[in-house]
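J.: The structure is given below, and queries will be raised subsequently.
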Amino acid sequence: VLDRMARGKLQAEWKLELSPTWDGRDPKVGYLEGFGRLIDGIAPWLALPDDATPEGRRRATLRQQALQSYVHAVDPKSPDYLLWKANGQPLVDSAYFTSALLRAPDALWKPLDAKTKARIIAEIQGLRRISPPYTNWLLFAAMNEAFLLAVGAEWDPVRLDLAIRKFDEWYVGDGWYADGVHFHFDLYNSYVIHPMLTQILQVLVATDASFNSLNPKTRLPLQIKRMQRYATQLERMVGPDGAFAAVGRSLTYRTAAHQPLGQLAWKNMLPDTLPPGQVRAATVAAQRRVFADPSNFDADGFLTIGFTRHQPTLGDWYSNAGSMYLAAESLLALGLPADDPYWTSPPLPWTMRRAYAGQDFPKDYYVDY
Numbered sequence: 009v010l011d012r013m014a015r016g017k018l019q020a021e022w023k024l025e026l027s028p029t030w031d032g033r034d035p036k037v038g039y040l041e042g043f044g045r046l047i048d049g050i051a052p053w054l055a056l057p058d059d060a061t062p063e064g065r066r067r068a069t070l071r072q073q074a075l076q077s078y079v080h081a082v083d084p085k086s087p088d089y090l091l092w093k094a095n096g097q098p099l100v101d102s103a104y105f106t107s108a109l110l111r112a113p114d115a116l117w118k119p120l121d122a123k124t125k126a127r128i129i130a131e132i133q134g135l136r137r138i139s140p141p142y143t144n145w146l147l148f149a150a151m152n153e154a155f156l157l158a159v160g161a162e163w164d165p166v167r168l169d170l171a172i173r174k175f176d177e178w179y180v181g182d183g184w185y186a187d188g189v190h191f192h193f194d195l196y197n198s199y200v201i202h203p204m205l206t207q208i209l210q211v212l213v214a215t216d217a218s219f220n221s222l223n224p225k226t227r228l229p230l231q232i233k234r235m236q237r238y239a240t241q242l243e244r245m246v247g248p249d250g251a252f253a254a255v256g257r258s259l260t261y262r263t264a265a266h267q268p269l270g271q272l273a274w275k276n277m278l279p280d281t282l283p284p285g286q287v288r289a290a291t292v293a294a295q296r297r298v299f300a301d302p303s304n305f306d307a308d309g310f311l312t313i314g315f316t317r318h319q320p321t322l323g324d325w326y327s328n329a330g331s332m333y334l335a336a337e338s339l340l341a342l343g344l345p346a347d348d349p350y351w352t353s354p355p356l357p358w359t360m361r362r363a364y365a366g367q368d369f370p371k372d373y374y375v376d377y
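Residue numbers (the working numbering): 9 to 377.
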């Protein structure tokens with residue numbers, strides 16, 4: 009994706025696979041999906057310092073490709089100018105596009121030229137024309153405003169205030185949020201809600217933003233505790249062989265289910281009950297279980313629609329090959345340096361591995377926060 013987009017060749021060389029139930033929207037929205045979701049997941053890794061290792065050299069190359077891709081993304085004269093002015097979908101993926109800039113500002117935002125920065129700000133502000141449904145989409149609008157706030161552009165406090173307040177109302181307990189008025193037993197707490205709500209609050213605390221009757225400095229610690237509780241449950245749902253429950257819509261986002269575990273690990277915020285070696289072992293086992301079949305990728309190396317292989321019938325009406333790159337959100341822990349305990353600590357059997365081996369394992373109890 010990055011190699012082609014850096015050369016302005018992504019849209020020419022990537023014919024997007026569409027779900028059999030595709031709803032007829034302009035398929036070009038998929039290029040913003042593919043780039044935005046991919047860059048958000050690998051941004052922490054791209055932010056690591058350069059070194060002379062093969063990985064370090066590869067990272068430096070990909071970082072430069074990412075920067076050039078951002079230039080193409082907002083240049084109206086580029087063949088890889090992204091589709092910012094479609095109906096609603098660009099609001100979704102613009103939030104991953106801006107989240108990456110927040111996750112790795114020194115690597116991805118500061119090196120951009122002034123014209124590109126101005127174009128990004130203008131495109132993001134222009135998305136205010138979209139009225140989001142009262143679901144996780146409120147967080148997409150809020151993420152964009154948090155980005156604008158962080159870079160010193162004109163921002164809208166109402167979009168931030170509203171999203172945080174609504175999710176306070178939609179909290180159903182024990183680490184879970186409803187996705188709107190009704191609770192959905194799916195993985196959107198992983199794909200969007202916990203990661204974005206936490207990141208948005210972190211920006212508000214860092215910028216000392218002021219709101220009427222909303223104090224981000226007291227709200228953030230509570231949100232982190234809720235995310236830790238949810239992550240504890242995610243770890244317990246990884247089976248002895250790395251398989252995890254295939255539930256809910258957007259199942260084809262694959263290992264994005266474990267984004268909260270990676271985000272907490274990256275920020276050194278895992279709860280004491282989840283040792284880093286245990287989380288690493290569980291999530292790597294899940295990656296291997298999901299991506300074992302080579303048909304997860306097509307002949308050109310792009311992700312295909314599916315869960316554990318190419319399974320196009322699992323696609324939703326909005327699914328295309330670009331959508332699949334939300335799986336990159338499972339890579340956040342790569343932002344930790346090689347000498348971090350997450351990588352150096354010995355692998356530990358995760359909860360279900362111990363449970364089904366007849367070993368002792370901790371019981372689980374609800375929380376009241």
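We put the CB at the ideal spot given by N, CA and C, even for glycine.
Remember, it's a predicted structure, so these values are computed and weren't measured experimentally.
Please identify the residue among Ala112, Gly16 and Leu54 whose C-alpha is closest to the C-alpha of lysine 2.
T.: In the structure as shown, the chain starts at 9 and stops at 377, and residue 2 therefore has no counterpart that could be examined.
J.: Helix, strand or coil, according to DSSP, for tryptophan 7 in the structure here?
T.: There is simply no residue 7 to check, as the chain begins at 9 and stops at 377 in what is shown.
J.: Quick one: complete beta strand (DSSP E) runs, 3+ long, within the stretch 225-285?
T.: none
J.: Taking the alpha carbon of proline 119 as the reference point, which residue from Met13, Tyr364 and Leu54 has its own alpha carbon closest?
T.: Within the sequence shown, numbered from 1, the residue matching residue 119 stands at position 111. Out of Met13, Tyr364 and Leu54, Leu54 has the C-alpha closest to the C-alpha of proline 119.
J.: Glutamine 377: buried (16+ other C-beta within 10 angstroms of its C-beta) or exposed?
T.: As a first step, residue 377 is located in the sequence shown; it is residue number 369 there, counting from the start. Strictly speaking, residue 377 in this sequence is tyrosine, with glutamine absent from that position. That one is exposed.
J.: If we count the other Cβ atoms within 10 Å of its Cβ and call it buried at 16 or more, is leucine 230 buried or exposed?
T.: As a working note, residue 230 is residue 222 in the sequence shown. Exposed, by the Cβ-count rule.
J.: Can you name, in chain order, every residue of its own chain whose Cβ lies under 7 Å from the Cβ of aspartate 372, other than the five neighbours on each side?
T.: For this step, residue 372 is matched to residue 364 along the sequence shown. Only Arg244 meet the Cβ criterion.
J.: Helix, strand or coil, according to DSSP, for tyrosine 179 in the structure here?
T.: In the sequence shown, the residue the question calls residue 179 occupies position 171. DSSP places tyrosine 179 in strand when its eight states are reduced to three.
J.: Do the stretch 155-171 and the stretch 227-241 make contact, defined as three or more Cβ pairs closer than 8 Å?
T.: No, because fewer than three Cβ pairs between the stretch 155-171 and the stretch 227-241 fall closer than 8 Å, the two stretches do not touch.
J.: Examine the Cβ distances between the stretch 38-48 and the stretch 95-109 and report whether three or more of them are shorter than 8 Å.
T.: yes
J.: Run the CB neighbour count on arginine 137, radius 10 Å, all protein chains shown included, and call it buried at 16 or more, exposed below.
T.: Counted from its first residue, the sequence shown places residue 137 at position 129. By the neighbour-count criterion, in which 16 or more other beta carbons inside 10 Å mark a residue as buried, arginine 137 falls on the exposed side.
J.: In the structure shown, what three-state DSSP assignment does histidine 192 receive?
T.: Along the sequence shown, read from residue 1 onward, the residue named residue 192 stands at position 184. Correct three-state label for histidine 192: coil.
J.: Just to confirm my understanding: we take tryptophan 178, look at its own chain, exclude 5 residues before and 5 after, and list those with CB closer than 6 Å. What are they?
T.: As a working note, residue 178 is residue 170 in the sequence shown. So the qualifying residues of the chain are Tyr185 and Ala186.
J.: Entirely within the stretch 32-109 and at least 4 residues each: give me those alpha helix (DSSP H) ranges in chain order.
T.: Look at the stretch 32-109 and you find these whole runs of alpha helix (DSSP H), each 4 residues long or longer: 37-54 and 62-81.
J.: Evaluate contact between the stretch 123-136 and the stretch 67-86, counting only Cβ atoms and requiring at least three cross-stretch pairs below 8 Å.
T.: yes
J.: Let me know the alpha helix (DSSP H) ranges lying completely inside the stretch 122-164, each 4 residues or longer, listed in chain order.
T.: 122-134 and 145-158
J.: Nearest-angstrom Cα distance between tyrosine 267 and threonine 226?
T.: By one-based count along the sequence shown, residue 267 stands at place 259. By one-based count along the sequence shown, residue 226 stands at place 218. What sits at residue 267 in the sequence shown is glutamine, not tyrosine. Roughly 24 Å separates the two Cα atoms.
J.: Classify aspartate 367 as buried or exposed, calling it buried when 16 or more other Cβ atoms lie within 10 Å of its own Cβ.
T.: Sequence index remark: in the sequence shown, residue 367 carries index 359 (1-based). According to the sequence shown, residue 367 is glutamine rather than aspartate. Under this definition glutamine 367 is an exposed residue.
J.: Considering only C-alpha positions, which residue in the set Gln241, Leu311, Thr291 and Pro302 is nearest to proline 355?
T.: Along the sequence shown, one-based indexing puts residue 355 at 347. Per the Cα distances, Thr291.
J.: Is it buried or exposed, glycine 250, if we count other Cβ atoms within 10 angstroms and call 16 or more buried?
T.: Here residue 250 corresponds to residue number 242 of the sequence shown, with the count starting at 1. Buried is the call here.
J.: Let me check one thing: in DSSP terms, what residues is glycine 314 bridge-paired to?
T.: As a position in the sequence shown, residue 314 is number 306, starting the count at 1. According to DSSP, glycine 314 bridges with His318.
J.: Please say whether alanine 273 and leucine 344 have beta carbons closer to each other than 8 Å?
T.: The residue given as residue 344 occupies position 336 in the sequence shown. The residue given as residue 273 occupies position 265 in the sequence shown. Cβ distance < 8 Å, so leucine 344 and alanine 273 count as in contact.
J.: For phenylalanine 305, list the residues DSSP reports as bridge partners.
T.: In the sequence shown, counting from the first residue as 1, residue 305 sits at position 297. Beta-bridge pairing links phenylalanine 305 to Leu311.
J.: Can you have a look at asparagine 152 and say buried or exposed, based on whether 16 or more other CB atoms are within 10 angstroms of its CB?
T.: The residue you call residue 152 lines up with position 144 of the sequence shown. Burial call: buried.
J.: Could you give the DSSP three-state label for leucine 356: helix, strand or coil?
T.: Residue mapping note: residue 356 aligns to position 348 of the sequence shown, counting from 1. Note: leucine 356 maps to coil in three-state DSSP.
J.: Could you tell me if threonine 263 is buried or exposed, where buried requires 16 or more neighbouring beta carbons within 10 angstroms of its beta carbon?
T.: Here residue 263 is taken as the residue at index 255 of the sequence shown, counted from 1. Its Cβ being crowded by 16 or more others within 10 Å, threonine 263 is buried.
J.: What is the DSSP secondary structure of leucine 26, reduced to helix, strand or coil?
T.: Position 18 of the sequence shown, counting from 1, holds the residue named residue 26. Correct three-state label for leucine 26: strand.
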